[in-house]
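J.:
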Amino acid sequence: MDFANFLIQLLNSVQYGLLLFMLAAGLTLIFGIMGVVNLAHGSFYMIGAYLAWYLSSQLGSLTLAIVLGTVLAVIFGWLLEWLLFRHFYHRDHLDQVLLTFGLIYIFEEMRSIFWGDDVHAVQVPEVLNWSIPLTDTLSYPVYRLVMSGICLLLAVGLYLLISKTRLGMKIRAGAFNREMAESLGVNIRLIHGVVFALGVGLAAIAGMIASPIASVYPGMGSSVLIMCFVVVVIGGIGSVRGALVAALLVGLVDTFGKVLVPQIAGMAVYMLMALVLLYKPEGLFKQ
């Protein structure tokens, strides 16, 4: 592998890892702070992708579609938490699994009713539809670099929100000791609504920005859900920092595994997870 090919694969692995972080961050927040096992998290990724396709076709702009789709996704997440999830915080995890597993089928049927079962393509914005030449025959798409930049900005914003703001302090307090936080006047129901809406919004944004390179198709959320759980387990449940490190590790192992050892590429990520759990059963960053 020459340097140009190595650079392309490295950039691809970072872009894939950051996209996984967008999904896993919401998943680890919802589970680590609210204690909810959310198997429907991949469906929010799918909904985001379909919103990007539909809204961009109506508005004629992917950028406007992402902005509007993010607002709609956050509102949808807030309503979903208010209508369903807040009634399951103190229920057994099996009840939560059954609820979210049922939601997967509901979202798939709604997707089929509203948008059909065809595969759709989303056009890259014209201003980003070009590549940076690396050699005479190899180049790298600018849109992938923009994707990585957006994910990095959101990762920094999420870190600042949780660790440097008053809202973040309340989120951390509610995760550490809900009863004590409530006795100090923290509205835990409001905090849970914010966290869930934030998690849904992050997953939907990941689906929207990935739609031009991954296409939009039925069941696309299921393919990323397992990988999200792998990232959460490796990073440590409830740790956003762990989700970022684990997502980048998974991106590197998956991307270079497919290039260097394609025979075992499908197992490489799970071998990494097994190796981490062997020495760090609670993940890389216990929270």
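Taking the numbering used here, the leading residue of the sequence shown gets 18, the next gets one more, and so forth. The beta-carbon is built from N, C-alpha and C at its ideal position, and this holds for glycine as well.
(1) So what does DSSP say about residue 160, is it helix, strand or coil?
(2) In this structure, does DSSP put residue 232 in helix, strand or coil?
(3) Given a cut-off of 8 Å, decide if residue 159 and residue 306 are closer than it, judged by their beta-carbon atoms.
(4) Could you compute how far the alpha carbon of residue 299 sits from the alpha carbon of residue 152?
(5) Closer than 7 Å to a non-hydrogen atom of the ligand PLP - does that hold for the CB of residue 78?
(6) I think residue 72 touches residue 86, with their Cβ atoms under 8 Å apart; what is that distance to the nearest whole Å?
(7) Hey, how far is the Cα of residue 118 from the Cα of residue 89?
(8) Among 264, 283, 172, which residue has its Cα nearest to the Cα of residue 33?
(9) Taking the beta carbon of residue 55 as the centre, do at least 16 other beta carbons fall within 10 Å, making it buried, or is it exposed?
(10) Check the DSSP bridge columns for residue 137 and list the partner residues they point to.
(11) Relative to the C-alpha of residue 219, which candidate in 24, 21, 41 has its C-alpha closest?
(12) Which whole runs of the beta strand (DSSP E) in the segment 88–157 are 3 residues long or more, in chain order?
(13) Would you please verify whether the beta carbon of residue 85 is less than 8 Å from any beta carbon of chain C?
(14) If you reduce the DSSP assignment to three classes, tell me which class residue 254 lands in.
(15) With DSSP as the reference, label residue 217 as helix, strand or coil.
(16) Along the chain, where does the alpha helix (DSSP H) that runs through residue 37 open and close?
(17) Could you tell me the distance, in whole angstroms, from the CA atom of residue 210 to the CA atom of residue 249?
(18) Quick one: what does DSSP say residue 56 is sitting in, helix, strand or coil?
T.: Well, looking at it:
(1) helix
(2) coil
(3) With the chain covering 18 to 304 only, the question about residue 306 has no answer from this structure.
(4) 44 Å
(5) Ligands displayed in this structure: none; no statement on the ligand PLP is therefore possible.
(6) 6 Å
(7) 22 Å
(8) 264
(9) buried
(10) 233
(11) 41
(12) 148–150
(13) Of the protein chains in this structure there is only one, and it is not chain C.
(14) coil
(15) helix
(16) 20–51
(17) 21 Å
(18) coil
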